[in-house]
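Please read the structure below before turning to the comments.
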Amino acid sequence: MRAHAYWMSLLVCLASPLIGQSPAPYFTDVTDEAGLQFRHSFGDVELSNIVEGTGPGVVFFDFDNDDYPDIYLLNGNWKPEVNDNRSRNLRGQLTNALYRNSRNGTFTEVTIAAGVGDEGFGMAGSAADYDRDGDLDLYVLNYGPNVFYRNNGDGTFTDVTAEAGLSDPLWSVSAPWLDYDGDGDLDLYVANYLEYDEGAFRDFYAAQGYPGPLAYKGQPDHLYRNNGDGTFTDVTTEAGLLDPDGRAMSAIAVDLDQDGDQDIYVANDAMPSAYWVNDGRGSFTDQALIQGVAFGEGGQGASSMGPTVGDIDRNGLLDIWIPDMAYGCLLEQREKGLFSDVTAEANLAVICGQYTGWGSGLVDFDNDGYLDVYVANGNAHHLYTEEDVLAQNDRTGHFLDVAKDAGDYFQTKSVGRGAAFADYDNDGDIDVLVANLGASPRLLRNDTKNSNRWLTVVPLLPDGETVAVGATVTVTVGPMHLIYPVHGVFGYLSASDPRPHFGLGAADRADRVEIRWPDGEEQLLEAIPANQILEVVQSAK
Numbered sequence: 001m002r003a004h005a006y007w008m009s010l011l012v013c014l015a016s017p018l019i020g021q022s023p024a025p026y027f028t029d030v031t032d033e034a035g036l037q038f039r040h041s042f043g044d045v046e047l048s049n050i051v052e053g054t055g056p057g058v059v060f061f062d063f064d065n066d067d068y069p070d071i072y073l074l075n076g077n078w079k080p081e082v083n084d085n086r087s088r089n090l091r092g093q094l095t096n097a098l099y100r101n102s103r104n105g106t107f108t109e110v111t112i113a114a115g116v117g118d119e120g121f122g123m124a125g126s127a128a129d130y131d132r133d134g135d136l137d138l139y140v141l142n143y144g145p146n147v148f149y150r151n152n153g154d155g156t157f158t159d160v161t162a163e164a165g166l167s168d169p170l171w172s173v174s175a176p177w178l179d180y181d182g183d184g185d186l187d188l189y190v191a192n193y194l195e196y197d198e199g200a201f202r203d204f205y206a207a208q209g210y211p212g213p214l215a216y217k218g219q220p221d222h223l224y225r226n227n228g229d230g231t232f233t234d235v236t237t238e239a240g241l242l243d244p245d246g247r248a249m250s251a252i253a254v255d256l257d258q259d260g261d262q263d264i265y266v267a268n269d270a271m272p273s274a275y276w277v278n279d280g281r282g283s284f285t286d287q288a289l290i291q292g293v294a295f296g297e298g299g300q301g302a303s304s305m306g307p308t309v310g311d312i313d314r315n316g317l318l319d320i321w322i323p324d325m326a327y328g329c330l331l332e333q334r335e336k337g338l339f340s341d342v343t344a345e346a347n348l349a350v351i352c353g354q355y356t357g358w359g360s361g362l363v364d365f366d367n368d369g370y371l372d373v374y375v376a377n378g379n380a381h382h383l384y385t386e387e388d389v390l391a392q393n394d395r396t397g398h399f400l401d402v403a404k405d406a407g408d409y410f411q412t413k414s415v416g417r418g419a420a421f422a423d424y425d426n427d428g429d430i431d432v433l434v435a436n437l438g439a440s441p442r443l444l445r446n447d448t449k450n451s452n453r454w455l456t457v458v459p460l461l462p463d464g465e466t467v468a469v470g471a472t473v474t475v476t477v478g479p480m481h482l483i484y485p486v487h488g489v490f491g492y493l494s495a496s497d498p499r500p501h502f503g504l505g506a507a508d509r510a511d512r513v514e515i516r517w518p519d520g521e522e523q524l525l526e527a528i529p530a531n532q533i534l535e536v537v538q539s540a541k
């Protein structure tokens, strides 16, 4: 432990000429001026069951290919098997909403024109170019059958759920995209939660509000292989991924062990989480227990929420951060293939312990080269509000609670759920979109004032339009190596902008930019000037 602290201190000293002084990140709530006139509903006037209290998430995705992230917001709906009869006036009144980025700081609702106003009980969403036609398609996850929209490339979408075979009738909460079999197209992992009994079980304390997850049977997740012809095949069993009793809250697909293929980490609720390691031949093995990522908070199965990954200590290995209903869990990979719970050591247990954490991100908000932590908080069983958490990395892997200096929003309270992250205005810092249960989402513009520089690297497939999901980008600045796996689905119920963003501190350039493409090809660029969005197109073979 002392040796680790020594080397971390030495690294900070070596890197200090590159790192500008960083005040606390600062955010301005611009929801109203941005034109996001939306209010979430769980289909009832009173929170009364686990379905109503679980969502929603939010989605950043550039559906019109103008390089400015757009926003998709999930909504609940009135369903007789979920909601109270007294709220039946909401039937048919609630839909999801799509907002197009107008590129001037505002958004315009285009839900009806685009044809994506799904009326299911919305939970989450994810986007990817599944058919390799150069635009992002949208997958909507519901309590009940999911909906898959193909992007027509003209601002409209077509519902292709049935022909694609992606309805998945279970309660879906997360859907990361990955090329698990290395055939060049994106497959889909659908994480499912539990089997709600339509309110039959009522044995609970009044103070609890309603029964928790252990009152219900879990549901299996599904892996869908992309057949390359617009259809998908369920290959869960043959890939070794079948777990009939899982209770997934969200999942993430990245190359955690850096062996060239994408693995899957599933944060489960009130039971051990799963770490499905890809063997590179189309099969997975759960190594969560072996590698120390099955449990949290000192050993028990925590109420894990939305996992996110990043290299906290800048040792070149990816770590995992998972909020939960208490302290959260920071699993640091100090040796390859071996994780340690350092939540208390990193000071995150103290910062997060008083809250109920849901959506989260590991993001370098102040562009100093080190990842900070954002957590959306809110009570699980009641509409009891809580403040959100913003913790700044002090560059040694230790976090400081800086919320009180981060803007007026952090002095307010909400019932937070999902959170997504993107530089929606392309000004060089990462902004935040937070979903609030039964209330309006909040768009937080990053207005941090410092002189730190940045670099956004956009690895594109040979078509020059499709972001290379599954690639890994490493930026070298002096002695620091900043690693970012290209993925968009992380955190709780949400999807973020997949473009890798790097804070460079005081450095006016990146010494090296290395891209490992999804097919294993490697590309090196050197002496890249800072403060730009750099698009790199993979060479055609």
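Numbering follows the working numbering, in which position 200 of the sequence shown is assigned residue number 200; successive positions increment by one, without gaps. Glycine included, C-beta positions come from ideal geometry on N, C-alpha and C.
_Quick check: what's the CA-CA separation for E335 versus I515?_
23 Å
*How should E163 be labelled, buried or exposed, when 16 other C-beta atoms within 10 angstroms of its C-beta is the threshold for buried?*
exposed
*How about F63 and L166: are their beta carbons less than 8 Å apart?*
no
*Collapsed DSSP secondary structure at R88 in the structure displayed*: helix
*What number of angstroms, rounded off, separates the C-alpha of S273 from the C-alpha of D187?*
22 Å
*asked:* Quick check on Q291: does DSSP put it in helix, strand or coil?
replied: helix
*Could you check what DSSP says for P441 in three-state terms: helix, strand or coil?*
coil
*Please confirm whether G55 and L493 have their CB atoms less than 8 Å apart.*
yes
*Within this structure, are the beta carbons of L400 and Q392 separated by less than 8 Å?*
yes
*asked:* Quick check on the burial criterion: 16 or more other C-beta atoms within 10 angstroms. Buried or exposed for L214?
replied: exposed
*Reduced DSSP category for T28 - H, G, I as helix; E, B as strand; rest coil*: strand
*asked:* For L90 and D427, what's the separation of their Cα atoms in angstroms?
replied: 40 Å
*Rounded to whole angstroms, what's the CA-CA distance from D261 to F204? Just pull it up for me.*
44 Å
_How far does the alpha helix (DSSP H) with T231 in it extend, from its first residue to its last?_
T231 -> no alpha helix (DSSP H), and no H or E assigned at all.
*With a threshold of 16 other CB atoms inside 10 Å of the CB of Q532, please say whether the residue is buried or exposed.*
exposed
*From Y26 to D364, what distance separates their C-alpha atoms?*
12 Å
*Can you give the Cα-Cα distance for G505 and R499, rounded to whole angstroms?*
19 Å
*Can you grab the Cα-Cα spacing for the pair E526 / F339, in whole Å?*
32 Å
*Among L383, F157, S102, which has the Cα closest to the Cα of V45?*
L383
*Secondary structure of E33, DSSP reduced to three states*: helix
*Straight-line Cα distance separating R202 from D423*: 45 Å
*asked:* Please report the distance separating the alpha-carbon of L94 from that of A267.
replied: 29 Å
*Straight-line CA distance for K404 to K413?*
13 Å
*What residue range is occupied by the uninterrupted alpha helix (DSSP H) comprising I430?*
It is not in any alpha helix (DSSP H) - I430 carries neither H nor E in the DSSP assignment.
*Within its chain, find whatever has a CB closer than 6 Å to the CB of L524; leave out the 5 residues flanking it on each side and keep chain order.*
E514
_Under 8 Å, Cβ to Cβ, is there at least one residue of chain C near E521?_
Checking the listed chains, one finds no chain C in this structure; it contains a single protein chain.
_Sequence ranges, alpha helix (DSSP H) only - wholly within the stretch 92 to 163, length at least 4_ = 111 to 114
*Determine the direct distance from the alpha carbon of V415 to that of P485, and round the result to whole angstroms.*
30 Å
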